[in-house]
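Peer 1: Handing you a structure now.
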Amino acid sequence: TWTMLNIVEEQVERIRAQVGGKRVICGLSGGVDSAVAGALVQRAVGDQLTCVFVDHGLLRSGEAEQVEKDFVAATGATLKVVDAQDQFLTALAGVHDPEEKRGVIGREFIRVFERAAREVVAESGRAGEEVRYLVQGTLYPDVVESGGGSGTANIKSHHNVGGLPEDLRFTLVEPLRELFKDEVRKVGEELGLPAEMVWRQPFPGPGLAIRIIGDVTRERLEVLRAADAIAREELSRAGLDRDIWQCPVVLLADVRSVGVQGDGRSYGHPVVLRPVSSEDAMTADWSRVPHEVLATISNRITNEVREINRVTLDVTSKPPGTIEWE
Ligand code: XMP
Numbered sequence: 203t204w205t206m207l208n209i210v211e212e213q214v215e216r217i218r219a220q221v222g223g224k225r226v227i228c229g230l231s232g233g234v235d236s237a238v239a240g241a242l243v244q245r246a247v248g249d250q251l252t253c254v255f256v257d258h259g260l261l262r263s264g265e266a267e268q269v270e271k272d273f274v275a276a277t278g279a280t281l282k283v284v285d286a287q288d289q290f291l292t293a294l295a296g297v298h299d300p301e302e303k304r305g306v307i308g309r310e311f312i313r314v315f316e317r318a319a320r321e322v323v324a325e326s327g328r329a330g331e332e333v334r335y336l337v338q339g340t341l342y343p344d345v346v347e348s349g350g351g352s353g354t355a356n357i358k359s360h361h362n363v364g365g366l367p368e369d370l371r372f373t374l375v376e377p378l379r380e381l382f383k384d385e386v387r388k389v390g391e392e393l394g395l396p397a398e399m400v401w402r403q404p405f406p407g408p409g410l411a412i413r414i415i416g417d418v419t420r421e422r423l424e425v426l427r428a429a430d431a432i433a434r435e436e437l438s439r440a441g442l443d444r445d446i447w448q449c450p451v452v453l454l455a456d457v458r459s460v461g462v463q464g465d466g467r468s469y470g471h472p473v474v475l476r477p478v479s480s481e482d483a484m485t486a487d488w489s490r491v492p493h494e495v496l497a498t499i500s501n502r503i504t505n506e507v508r509e510i511n512r513v514t515l516d517v518t519s520k521p522p523g524t525i526e527w528e
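FYI, in UniProt numbering the residues of the sequence shown are 203 to 528.
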């Protein structure tokens, strides 16, 4: 539509005016926002841009592979993949406070980007050049909920807004800062991104780390990843992908309860299913997922993931609950 075309043209102009002939990097998370932001900057400044996908070990199963394939195919952008799993897990060791987790993750992201920026310059063979600009897919609601809007409390420091280090060396390029999610999706379509990418359900940058209530460890991540994959598979199979805004699966890693599994007593962890419907994530309602679908998810998770012996459903709207548990 003409409005989306206008937004694209206006942002392309603004990006060109901001970065001139300088080199830019863009952090891709696998989500809609960073993909659309990256595609806009690619449209504006072409191969001055290098996209960086950070595998921080907090991703869902299959996510890294998808970005590597789909985004490059759709945009032709230069992509650098960084395996930073050990770095993030080490930095997160022993951290259980939600805001502290976001702070650590935001900081490690920036370290990876700084390293990537130096490599981009080295590889370009033009010593003395510097990457000064970092693209982020920050949306209007992220700014508001991180306390950036006037008169709003800080609800959560979104890792790419409130969680940035004070001594940030990059100037941020944030072409989606005034947009809501539905507009971002339309801009993505306008830019020719594939439907699977544009209509993907939101997934937070800090990933599974903020869905493990307690410390984040490799073992806990594996357990949650397995449960999450089952929930996603069954919700898709039931045709609910577009009805549900997103469905976090939350691992209550410090809670244990007694159950009977297989041959006898178990003492495992609960997971919480948090399917919600929403327009813009500022408010949300819990989704009325059919009982049979919930039953299948519950049976499969408790049968297939040994460490989990209880599946619960979150029936809280936002407010008072937020969508993510942390
Ligand atoms: P809440 O939990 O605040 O979430 O109701 C609203 C939306 O934002 C996502 N979310 C995040 N996204 N970095 C992100 O990129 C973050 O730190 C973050 N925290 C929450 C959440 O998945 C939901 O879509």
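Quick reminder that beta carbons are idealized off the backbone N, C-alpha and C, glycines included.
Classify residue 260: buried if its beta carbon has 16 or more other beta carbons within 10 angstroms, exposed otherwise.
Peer 2: Stepping through the sequence shown from its first residue, residue 260 is reached at position 58. Buried: at least 16 other Cβ atoms inside 10 Å.
Peer 1: What whole-angstrom Cβ distance do residue 422 and residue 451 have, given they're in contact under 8 Å?
Peer 2: In the sequence shown, counting from the first residue as 1, residue 422 sits at position 220. In the sequence shown, counting from the first residue as 1, residue 451 sits at position 249. In fact, because the Cβ distance is near 12 Å, the residues do not count as touching under 8 Å.
Peer 1: State yes or no: is the C-beta of residue 402 nearer than 7 Å to some heavy atom of the ligand XMP?
Peer 2: Here the question's residue 402 lines up with position 200 in the sequence shown. Every heavy atom of the ligand XMP is 7 Å or more from the Cβ of residue 402, so no.
Peer 1: Are residue 250 and residue 216 closer than 8 Å when you measure CB to CB?
Peer 2: As a first step, residue 250 is located in the sequence shown; it is residue number 48 there, counting from the start. As a first step, residue 216 is located in the sequence shown; it is residue number 14 there, counting from the start. Not in contact: residue 250 and residue 216 (Cβ atoms no closer than 8 Å).
Peer 1: Run through the DSSP bridge pairs and tell me what residue 472 is partnered with.
Peer 2: Indexing the sequence shown from 1 puts residue 472 at position 270. Per DSSP, 512.
Peer 1: Candidates 325, 303 and 387: which alpha carbon is nearest residue 359's?
Peer 2: One-based indexing of the sequence shown puts residue 359 at position 157. Of the listed residues, the one whose Cα sits closest to residue 359 is 303.
Peer 1: Shorter than 7 Å, the distance from the beta carbon of residue 258 to the closest heavy atom of the ligand XMP, or not?
Peer 2: The sequence position of residue 258 within the sequence shown is 56, counting from 1. For the ligand XMP, not one heavy atom lies less than 7 Å from the Cβ of residue 258.
Peer 1: Could you give the C-beta distance for residue 230 and residue 237, rounded to a whole number, given that I count them as a contact under 8 Å?
Peer 2: As a first step, residue 230 must be located in the sequence shown, where it is residue number 28. As a first step, residue 237 must be located in the sequence shown, where it is residue number 35. Going by Cβ atoms, the distance from residue 230 to residue 237 rounds to 6 Å, so yes, they are a contact pair.
Peer 1: Compare the C-beta of residue 308 against all C-beta atoms of chain B and say whether one is closer than 8 Å.
Peer 2: Going by chain labels, chain B is absent from the structure shown, which holds only one protein chain.
Peer 1: Pairing CB atoms from the segment 465 to 472 with CB atoms from the segment 505 to 514, are three or more of them under 8 Å?
Peer 2: Taking 8 Å as the limit for Cβ pairs, the verdict is that the segment 505 to 514 does touch the segment 465 to 472.
Peer 1: On the premise that residue 483 lies in contact with residue 343, defined as a C-beta separation below 8 Å, what is that separation, rounded to the nearest angstrom?
Peer 2: Here the question's residue 343 lines up with position 141 in the sequence shown. Here the question's residue 483 lines up with position 281 in the sequence shown. Contact holds; Cβ gap of about 6 Å.
Peer 1: For the candidate residues 252, 369, 341 and 258, whose alpha-carbon lies nearest to that of residue 278?
Peer 2: As a position in the sequence shown, residue 278 is number 76, starting the count at 1. Closest by alpha carbon: 252.
Peer 1: Find the nearest neighbour of residue 407 within the set 329, 309 and 442, judged by alpha-carbon distance.
Peer 2: Here residue 407 refers to the residue found at position 205 of the sequence shown. Among 329, 309 and 442, the Cα nearest to that of residue 407 is on 309.
Peer 1: Going by the beta-carbon positions, is the gap between residue 233 and residue 402 smaller than 8 Å?
Peer 2: Looking up residue 233 in the sequence shown gives position 31. Looking up residue 402 in the sequence shown gives position 200. Yes, they are a contact pair.
Peer 1: For residue 246 and residue 214, which I take to be in contact (beta-carbon distance under 8 Å), what is that distance rounded to the nearest angstrom?
Peer 2: Taking the sequence shown and counting its residues from 1, the one referred to as residue 246 is at position 44. Taking the sequence shown and counting its residues from 1, the one referred to as residue 214 is at position 12. Between residue 214 and residue 246 the Cβ distance is about 4 Å, and since that is below 8 Å, they are a contact.
Peer 1: How is residue 459 classed by DSSP in three states: helix, strand or coil?
Peer 2: Here residue 459 refers to the residue found at position 257 when the sequence shown is read from its first residue. Residue state, collapsed to three classes: strand.
Peer 1: When you compare the CB positions of residue 476 and residue 432, do they come within less than 8 Å of one another, or not?
Peer 2: Reading the sequence shown from its first residue, position 274 is the one you call residue 476. Reading the sequence shown from its first residue, position 230 is the one you call residue 432. Not closer than 8 Å, so no.
Peer 1: Taking the Cβ atom as the reference point for each residue, do residue 411 and residue 418 lie within a distance shorter than 8 Å?
Peer 2: Along the sequence shown, one-based indexing puts residue 411 at 209. Along the sequence shown, one-based indexing puts residue 418 at 216. Going by C-beta atoms, residue 411 is nearer than 8 Å to residue 418.
Peer 1: Go ahead and pull the three-state DSSP assignment for residue 446.
Peer 2: The residue given as residue 446 occupies position 244 in the sequence shown. DSSP places residue 446 in coil when its eight states are reduced to three.
Peer 1: Can you tell me where the alpha helix (DSSP H) with residue 495 in it begins and where it stops?
Peer 2: On the sequence shown, residue 495 is found 293 positions in, with the first residue counted as 1. Element bounds for residue 495: 493 to 506.
Peer 1: Taking the alpha carbon of residue 288 as the point to measure from, which residue in 420, 453 and 460 has its own alpha carbon closest?
Peer 2: As a working note, residue 288 is residue 86 in the sequence shown. Of the candidates 420, 453 and 460, the one whose C-alpha sits nearest the C-alpha of residue 288 is 420.
Peer 1: Less than 8 Å between the CB atoms is what I'm expecting for residue 221 and residue 335, so what's the real figure, rounded?
Peer 2: Within the sequence shown, numbered from 1, the residue matching residue 221 stands at position 19. Within the sequence shown, numbered from 1, the residue matching residue 335 stands at position 133. With a Cβ gap of about 5 Å, residue 221 and residue 335 count as contacting.
Peer 1: Is DSSP giving residue 271 helix, strand or coil here?
Peer 2: Against the sequence shown, residue 271 aligns to sequence position 69. Helix at residue 271.
Peer 1: Quick check on the burial criterion: 16 or more other C-beta atoms within 10 angstroms. Buried or exposed for residue 397?
Peer 2: One-based indexing of the sequence shown puts residue 397 at position 195. Its Cβ having fewer than 16 others within 10 Å, residue 397 is exposed.
Peer 1: Please work out which residues of its chain come closer than 7 Å, Cβ to Cβ, to residue 293, disregarding the five sequence neighbours upstream and downstream, and give them in chain order.
Peer 2: Within the sequence shown, the letter at position 91 stands for residue 293. Contacts found: 306 and 310.
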